[in-house]
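What follows is a set of notes on a single structure, which appears directly below.
There are 2 protein chains.
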Amino acid sequence: MAPSTQHSAPAFRPLYLQIKGLLIKNLEAAEWGPGEPIPSEIELATRFGVSQGTVRKAIDALAADNLVIRRQGKGTFVATHTEEKISMFRFLRIRRNDGRDEYPASRLVDVRRGKAAAEVARPLELKTGDPVITLRRVLDYGGEPAVLDDIVVPAQLFKGLTRAKVECHRGSIYSLFETEFGVRIVRAQERLRAVPSDQGSATLLRVAPGAPLLAVERVTYTYSDKPVEWRRGLCTTRHHHYLNELS
Amino acid sequence: MAPSTQHSAPAFRPLYLQIKGLLIKNLEAAEWGPGEPIPSEIELATRFGVSQGTVRKAIDALAADNLVIRRQGKGTFVATHTEEKISMFRFLRIRRNDGRDEYPASRLVDVRRGKAAAEVARPLELKTGDPVITLRRVLDYGGEPAVLDDIVVPAQLFKGLTRAKVECHRGSIYSLFETEFGVRIVRAQERLRAVPSDQGSATLLRVAPGAPLLAVERVTYTYSDKPVEWRRGLCTTRHHHYLNELS
DNA sequence: CAGTGGTCTAGACCACATC
DNA sequence: ATGTGGTCTAGACCACTGG
Chain A
895 MAPSTQHSAP AFRPLYLQIK GLLIKNLEAA EWGPGEPIPS EIELATRFGV SQGTVRKAID
955 ALAADNLVIR RQGKGTFVAT HTEEKISMFR FLRIRRNDGR DEYPASRLVD VRRGKAAAEV
1015 ARPLELKTGD PVITLRRVLD YGGEPAVLDD IVVPAQLFKG LTRAKVECHR GSIYSLFETE
1075 FGVRIVRAQE RLRAVPSDQG SATLLRVAPG APLLAVERVT YTYSDKPVEW RRGLCTTRHH
1135 HYLNELS
Chain B
895 MAPSTQHSAP AFRPLYLQIK GLLIKNLEAA EWGPGEPIPS EIELATRFGV SQGTVRKAID
955 ALAADNLVIR RQGKGTFVAT HTEEKISMFR FLRIRRNDGR DEYPASRLVD VRRGKAAAEV
1015 ARPLELKTGD PVITLRRVLD YGGEPAVLDD IVVPAQLFKG LTRAKVECHR GSIYSLFETE
1075 FGVRIVRAQE RLRAVPSDQG SATLLRVAPG APLLAVERVT YTYSDKPVEW RRGLCTTRHH
1135 HYLNELS
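Rendered as structure tokens:
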């Protein structure tokens, strides 16, 4: 049960990173569900045959990656998108210009099954033509449409995804992924551009055709950098902006 | 010399955070310059009268904030913008669409002294009308203009900033701030919008007037969250995009 | 070789949450 | 009172750098 020694000649991998890897494997295997506590540090230390301090470093690394949340006095919990309180804006960078924190209302426009276009297939590591499901939705802030999202996921991972299931779900879409399909979103990469609105987006967002929109292309990943979602958001920036912190 | 005990009743502040605070004070006081090593962990431990492990946690926290860089076997160094190798893209999120890493060439268009507009004064914590210096420059990628930057700094902090000084400096503008004015940029906040190009930006960026541009508004901060620069970048996204990682 | 940061351990104690 | 994570210590040893 004890992990391999650290004295291996060519590639040195510290013990706590090996432990971290083992813990990630357990997360991937859904050993512990989102929102649930993982075993205590002491328990894991005896289980792996290392000191508590080493387990601690491993868990610290997991927490730094946002895979897990530490709560003093309570335990360490698997990160989840289903809790309303914390990290509501973890993957939502759109803010109102006036600074008020508002969580948008989602309006589902369309759900359809289709084949992956090349542009989508590559980032999702699919073959062109593989079956996908596309959701189209509008985010309203204070009743005003602000964002038009086209969300594409591989049909194979999301069997049984229907319009009804999306509409009756409360919470973010990643919360839906998590609870209904066991797909846990862990990180994302976004590319932003300014584009002119076309006919479809203009009417849905109630702007003039050709008006500048902020285009946000996102690929999201689960554990082990496996891509599971591609989306393009088109955002009016009359009353909103995209907020980013650099350090 | 030893920091206050941790047993204070109302607000508990761990020892390592107190040490971190002291180290930041030393950084603010320019005790150690950018790129220079700070004293070793052992040295600091004896100086502060704590264990090496506690100093280690303090430095770890500084490193997590990018105030300092650890280098095994060599020491811990004050973060700098003057090194070409690492963190060249730390505050530059614009990338080529084709994925090639290219560092843009900067072309200075204008340097002028003026008074702070309200829009600029508030984020810089100045009064409207306070003296400021405005730089205008264009970033070229492969000879093609891609970004138009208007950079505003308080004149009081940047005495002696002239066109010549900017032009003869090699390296990023934050490297100039650091070496010539002792101003160390530590973090930044950006707000992105899509806007139509006006006459001036259109000619400088060689796009049609009204073409969509990515507007990046940035406020940068030194230690203690003191704002020192406001800028607006206008970026063509024909061949480029703004890259962001979420986690 | 000596000096630096990096890892690992073992144990004591503190802060917080829950029963 | 108990169990959790959080802090602090002291010491041993490892990996990396440079003279």
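Top line first, the protein sequences correspond to chains A and B.
Yeah, the first sequence ends on 1141 if you go by this note's numbering, and it's all consecutive.
Yeah, the second sequence ends on 1141 if you go by this note's numbering, and it's all consecutive.
For glycine and all other residues, C-beta sits at the position ideal for the given N, C-alpha and C.
Subject >> Local conformation of glutamate 996 of chain B per DSSP, three classes >> reply: coil
**OP:** Give the straight-line distance between the Cα atoms of alanine 896 of chain B and leucine 938 of chain B, rounded to the nearest whole angstrom.
**Re:** Residue placement at alanine 896 of chain B is flagged as unreliable, the pLDDT there being 42, under the threshold of 50; the coordinate-derived value follows with that caveat. So the two alpha carbons sit approximately 12 Å from each other.
**OP:** Alpha carbon to alpha carbon, how far is glutamine 912 of chain A from histidine 901 of chain A? Give it in angstroms, no decimals.
**Re:** With a pLDDT of 37 at histidine 901 of chain A, under the threshold of 50, the modelled position of this residue cannot be trusted, and the question is left open.
Original post:
Given 8 Å as the limit, is there contact between the stretch 1053 to 1066 of chain B and the stretch 1032 to 1045 of chain B, that is, 3 or more CB pairs closer than that?
Top reply: no
Original post:
So, helix, strand or coil for proline 933 of chain A, using DSSP?
Top reply: Assignment of proline 933 of chain A by DSSP, reduced to helix, strand and coil, places it in the coil class.
Original post:
What are the boundary residues of the alpha helix (DSSP H) that leucine 1098 of chain B is part of?
Top reply: In this chain, the alpha helix (DSSP H) harbouring leucine 1098 of chain B covers 1093 to 1099.
Subject >> Partner residues on chain A for glutamate 996 of chain B, Cβ-Cβ distance less than 7 Å >> reply: Neighbours of glutamate 996 of chain B on chain A: none; closest Cβ ~16 Å, over 7 Å.
**OP:** Would you mind stating whether threonine 1114 of chain A and threonine 976 of chain A have Cβ atoms separated by less than 8 Å?
**Re:** no
Subject >> Backbone secondary structure at asparagine 991 of chain A - three-state DSSP >> reply: coil
**OP:** Please check the pair leucine 1128 of chain A and leucine 1099 of chain A, which I expect to be a contact at CB under 8 Å, by giving their CB distance rounded to whole angstroms.
**Re:** 7 Å
**OP:** Can you check the stretch 1050 to 1111 of chain B for any alpha helix (DSSP H) of at least 4 residues that lies completely inside it and give the ranges in chain order?
**Re:** If only uninterrupted alpha helix (DSSP H) runs of at least 4 residues are considered, those enclosed by the stretch 1050 to 1111 of chain B are 1057 to 1062, 1067 to 1075, 1093 to 1099.
**OP:** Grab me the residues of proline 931 of chain A's own chain with a C-beta within less than 6 Å of its C-beta, minus the 5 sequence neighbours each way, in chain order.
**Re:** A distance below 6 Å between beta-carbons, with the five flanking residues on each side excluded, links proline 931 of chain A to the following residues of its chain, in chain order: Gly969, Phe971.
**OP:** Tell me whether leucine 1128 of chain B sits in a helix, a strand or coil according to DSSP, three-state version.
**Re:** strand
Original post:
Cβ of tryptophan 1124 of chain A within 8 Å of Cβ of leucine 1033 of chain A?
Top reply: no
**OP:** Pick helix, strand or coil for glycine 915 of chain B, following the three-state DSSP scheme.
**Re:** In the structure shown, glycine 915 of chain B sits in a helix (DSSP, three-state: H, G or I).
**OP:** In angstroms with no decimal places, state the Cα-to-Cα distance between serine 1000 of chain A and arginine 1031 of chain A.
**Re:** Each residue's alpha carbon lies about 7 Å from the other.
Original post:
With burial defined as no fewer than 16 other Cβ atoms inside 10 Å of the residue's Cβ, what is the status of histidine 1227 of chain B: buried or exposed?
Top reply: Nothing about residue 1227 of chain B can be reported from this structure: the residues present for chain B run from 895 to 1141 only.
Subject >> CB contact check: proline 1106 of chain A to chain B, cutoff 8 Å >> reply: Cβ-Cβ to chain B under 8 Å: yes for proline 1106 of chain A.
Original post:
Opposite threonine 970 of chain B in the DSSP bridges: which residues?
Top reply: B/Arg964
Original post:
Going along chain A, which residues have a C-beta under 7 Å from arginine 1087 of chain B?
Top reply: Leu1108, Thr1131, His1135
Subject >> Bridge-paired residues (DSSP) for threonine 1028 of chain B >> reply: B/Arg1006, B/Val1046
**OP:** Assign glutamate 935 of chain B to buried or exposed, taking buried as 16 or more other Cβ atoms, counted over all protein chains shown, within 10 Å of its Cβ.
**Re:** buried
Original post:
Should serine 898 of chain B be labelled buried (16 or more other beta-carbon atoms within 10 Å of its own) or exposed?
Top reply: Per-residue confidence for serine 898 of chain B stands at a pLDDT of 43, beneath the threshold of 50, marking its modelled position as unreliable; the derived number appears in the next sentence. Answer is exposed; the Cβ neighbour count stays below 16.
Subject >> Bridge partners - threonine 1114 of chain A, DSSP secondary structure assignment >> reply: The secondary-structure analysis by DSSP pairs threonine 1114 of chain A across a beta bridge with A/Ala1082, A/Glu1123.
Original post:
Which same chain residues, not among the five before or five after leucine 1029 of chain B, have their C-beta less than 6 Å away from its C-beta?
Top reply: Val1005, Ile1045
Original post:
If you compare alpha carbons, which of A/Gly1076, A/Ile1027, A/Arg907, A/Gly967 is closest to leucine 921 of chain A?
Top reply: A/Gly1076
Original post:
Residues bridged to histidine 975 of chain B by DSSP?
Top reply: BP columns for histidine 975 of chain B are empty, so no partner.
**OP:** Examine chain A for any beta-carbon lying closer than 8 Å to the beta-carbon of serine 1141 of chain B, and answer yes or no.
**Re:** yes
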